[in-house]
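Novice:
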Amino acid sequence: MEDLGTPVLDNHLHLDPEHGRGLDAVRDFRRLGGTHLLVVNKPSWHLGVEPEAGDDFRPVFETTTEVVAAASDLLPGRAWPVLGVHPGLISRLVDERGFDPDEAADLMCAGLDRAAEYVRDGDALALKSGRPHYDVSEAVWAASNDVMRHAFSLANELDCAVQLHTEATEDLTEVAEWAEERDVPAHRVVKHYAGGRLAGPTPSVMSEKERLEIAAAAGDPFLMETDFVDDPDRPGAVLGPKTVPRRVRWLLEEGYDDAVANAHVETPARVYGIDTEATLEA
């Protein structure tokens, strides 16, 4: 097992113990020096769940919390679940199942309410929400923004962070303002799959060298992720579980020690209230 001399956190990846690599992906991550994971539940339909009510999301969340517990046993640090409703669900509901956008939003908000119960009980760290990253109708866009604002309201009640799946952009100040209107600080809103710079929320930077160089040079708070999808039908999709440890090694070799501390110690504490050093020593 490689020791990189620092906590190494992948801020956003998926684990599918039934259909994907599951814990073998965690072992790969650890072998290269990885120590901590934030595991986001897969989109509900990827696990065969086509919800009719909020409670129908529970099997998705249970699958994630169970694999996270097993992952923590394998890591020198630990893993945490991030639970919520993928914003792409609204298109499945509207385009394939005949929901109108407001009905779809109500169902997705009910799913977020169930995810919030796990955070409230200490069984998950943060919520996941967002809006489609592709073109949709004005009605679907408005409904998606309503769902996201509901997630911010829940985050305020729970005092937790929210990870967002959104369109590609370097400016989400309006979204950050929606969070702040609900007393959720902008830095506790995290844009997953981010580039190296972002106005508004905290960027969770895809661990490609070019993006990381931009983030490291800027010196602003940021996180690192792979968005590993753990789908055997999409083996080349996004980045693999070894990537974050490899990129941390590269950053250290390039002299970006401060950036590594930023992404793996300081920003996780600022955003989520987690101590990656203390949990590594435990």
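For the sequence shown, counting from 1, position 133 maps to 458 in the working numbering; every step adds exactly one. Heads up, the beta-carbon is just placed ideally off N, CA and C, and yes, glycines get one too.
#1: Are asparagine 470 and arginine 507 close, meaning C-beta to C-beta below 7 Å?
#2: Are the CB atoms of alanine 435 and leucine 408 within a distance shorter than 7 Å?
#3: Does the separation of the CB atoms of valine 392 and leucine 372 fall below 7 Å?
#4: So what does DSSP say about threonine 527, is it helix, strand or coil?
#5: List the endpoints of the continuous alpha helix (DSSP H) containing methionine 549.
#6: Determine the burial state of valine 581: buried for a count of at least 16 other Cβ atoms within 10 Å of its Cβ, exposed for fewer.
#7: In three-state DSSP terms, what is glycine 358?
#8: Quick check: the Cα distance between alanine 396 and tryptophan 405, rounded to an integer number of angstroms?
#9: Over the uninterrupted beta strand (DSSP E) stretch that includes tryptophan 405, give me the two end residues.
#10: Which residue marks the beginning of the beta strand (DSSP E) containing serine 454, and which one marks its end?
#11: Given that a residue counts as buried once 16 or more other Cβ atoms are within 10 Å of its Cβ, and exposed if not, what is serine 462?
#12: List the endpoints of the continuous alpha helix (DSSP H) containing asparagine 470.
#13: Can you give the Cα-Cα distance for leucine 432 and aspartate 328, rounded to whole angstroms?
#14: Is histidine 411 closer than 7 Å to aspartate 555 when the C-beta atoms are compared?
#15: Could you tell me which whole alpha helix (DSSP H) segments of length 4 or greater appear in the stretch 333-397?
#16: In the structure shown, what three-state DSSP assignment does aspartate 420 receive?
#17: When the distance is taken between beta carbons, is valine 487 closer than 7 Å to serine 529?
#18: From Lys516, Val515, Arg439, Leu576, pick the residue whose C-alpha is nearest to that of leucine 479; which is it?
#19: In angstroms, rounded to a whole number, what distance separates the CA positions of glutamate 606 and glycine 402?
#20: With distance defined between alpha-carbon atoms, name the residue in Ala468, Leu400, Pro457, Met326 nearest to glutamate 428.
#21: Considering only the beta carbon of each residue, do threonine 498 and alanine 524 sit closer than 7 Å?
#22: What distance in whole Å lies between the Cβ atoms of leucine 489 and valine 515, which are believed to be in contact at a cut-off of 8 Å?
#23: Run the CB neighbour count on methionine 549, radius 10 Å, all protein chains shown included, and call it buried at 16 or more, exposed below.
#24: Taking threonine 388 as the reference, give the member of Asp460, Leu399, Glu377, Pro368 with the closest Cα.
#25: Could you spell out the range, first to last residue, of the beta strand (DSSP E) harbouring aspartate 516?
#26: Can you tell me where the beta strand (DSSP E) with valine 487 in it begins and where it stops?
#27: If you run the structure through DSSP and keep just helix, strand and coil, what is leucine 496?
#28: Where threonine 568 and arginine 352 are concerned, what is the direct C-alpha to C-alpha distance, given to the nearest angstrom?
#29: One question on the structure: do proline 570 and phenylalanine 553 come within less than 7 Å of each other, judged by their Cβ atoms?
Specialist: Taking the definition as stated:
#1: Locating residue 470 in the sequence shown gives position 145, where the first residue counts as 1. Locating residue 507 in the sequence shown gives position 182, where the first residue counts as 1. Taking 7 Å as the Cβ cut-off, asparagine 470 and arginine 507 do not qualify as a contacting pair.
#2: On the sequence shown, residue 408 is found 83 positions in, with the first residue counted as 1. On the sequence shown, residue 435 is found 110 positions in, with the first residue counted as 1. Contact check for leucine 408 against alanine 435 fails: the beta carbons are separated by 7 Å or more.
#3: Residue mapping note: residue 392 aligns to position 67 of the sequence shown, counting from 1. Residue mapping note: residue 372 aligns to position 47 of the sequence shown, counting from 1. Not closer than 7 Å, so no.
#4: Translated into positions along the sequence shown, residue 527 becomes position 202. Note: threonine 527 maps to strand in three-state DSSP.
#5: On the sequence shown, position 224 is the one that residue 549 refers to. No alpha helix (DSSP H) contains methionine 549, which is instead part of the beta strand (DSSP E) from 548-550.
#6: Here residue 581 is taken as the residue at index 256 of the sequence shown, counted from 1. Correcting the residue identity first, residue 581 is tyrosine in this sequence and not valine. So tyrosine 581 counts as buried.
#7: Reading the sequence shown from its first residue, position 33 is the one you call residue 358. DSSP, read as helix, strand or coil, puts glycine 358 in coil.
#8: Start at 1 with the first residue of the sequence shown, and residue 396 comes out as number 71. Start at 1 with the first residue of the sequence shown, and residue 405 comes out as number 80. Taking the straight line from one Cα to the other gives about 9 Å.
#9: Position 80 of the sequence shown, counted from the start, is the residue given in the question as residue 405. Residues 404-409.
#10: One-based indexing of the sequence shown puts residue 454 at position 129. Per DSSP, serine 454 belongs to the beta strand (DSSP E) from 451-455.
#11: What you label residue 462 is simply residue 137 of the sequence shown in a count that begins at 1. Of the other Cβ atoms in all chains shown, fewer than 16 fall within 10 Å of the Cβ of serine 462; this residue is therefore exposed.
#12: In the sequence shown, the residue the question calls residue 470 occupies position 145. The continuous alpha helix (DSSP H) containing asparagine 470 extends over residues 463-483.
#13: As a first step, residue 432 must be located in the sequence shown, where it is residue number 107. As a first step, residue 328 must be located in the sequence shown, where it is residue number 3. Leucine 432 and aspartate 328 have their alpha carbons spaced roughly 45 Å apart.
#14: Within the sequence shown, the letter at position 230 stands for residue 555. Within the sequence shown, the letter at position 86 stands for residue 411. A distance of 7 Å or more separates the beta carbons of aspartate 555 and histidine 411.
#15: The DSSP assignment places complete alpha helix (DSSP H) segments of no fewer than 4 residues inside the stretch 333-397 at 348-356, in order along the chain.
#16: Within the sequence shown, numbered from 1, the residue matching residue 420 stands at position 95. Helix.
#17: The sequence position of residue 529 within the sequence shown is 204, counting from 1. The sequence position of residue 487 within the sequence shown is 162, counting from 1. A distance of 7 Å or more separates the beta carbons of serine 529 and valine 487.
#18: By one-based count along the sequence shown, residue 479 stands at place 154. For leucine 479, the nearest C-alpha among the options comes from Arg439.
#19: Translated into the one-based positions of the sequence shown, residue 606 becomes position 281. Translated into the one-based positions of the sequence shown, residue 402 becomes position 77. Inter-residue distance for glutamate 606 and glycine 402 is about 8 Å (C-alpha atoms, whole angstroms).
#20: Numbered from 1 along the sequence shown, position 103 holds the residue referred to as residue 428. Selection Ala468, Leu400, Pro457, Met326 evaluated against glutamate 428 yields Ala468 as nearest (Cα-Cα).
#21: The count along the sequence shown starts at 1 and reaches residue 498 at position 173. The count along the sequence shown starts at 1 and reaches residue 524 at position 199. For threonine 498 and alanine 524, yes; Cβs fall inside 7 Å.
#22: Numbered from 1 along the sequence shown, position 190 holds the residue referred to as residue 515. Numbered from 1 along the sequence shown, position 164 holds the residue referred to as residue 489. Contact flag correct, Cβ pair sits at about 7 Å.
#23: Counting from one through the sequence shown, the residue named residue 549 turns up at place 224. Buried is the call here.
#24: Mapped onto the sequence shown, residue 388 falls at position 63. Each of Asp460, Leu399, Glu377, Pro368 was checked against the Cα of threonine 388, and the nearest Cα belongs to Pro368.
#25: Mapped onto the sequence shown, residue 516 falls at position 191. Checking the sequence, you will find lysine at residue 516 rather than aspartate. It spans 514-519 - the beta strand (DSSP E) in which lysine 516 sits, taken as one unbroken run.
#26: Along the sequence shown, read from residue 1 onward, the residue named residue 487 stands at position 162. If you look at valine 487, you'll find it in the beta strand (DSSP E) that goes 487-490.
#27: In the sequence shown, residue 496 corresponds to position 171, counting from 1. The sequence as given places aspartate at residue 496; leucine does not occur at that position. The DSSP-derived three-state label of aspartate 496 is strand.
#28: Locating residue 568 in the sequence shown gives position 243, where the first residue counts as 1. Locating residue 352 in the sequence shown gives position 27, where the first residue counts as 1. Each residue's Cα considered, the two are about 13 Å apart.
#29: In the sequence shown, the residue the question calls residue 570 occupies position 245. In the sequence shown, the residue the question calls residue 553 occupies position 228. Going by C-beta atoms, proline 570 is not nearer than 7 Å to phenylalanine 553.
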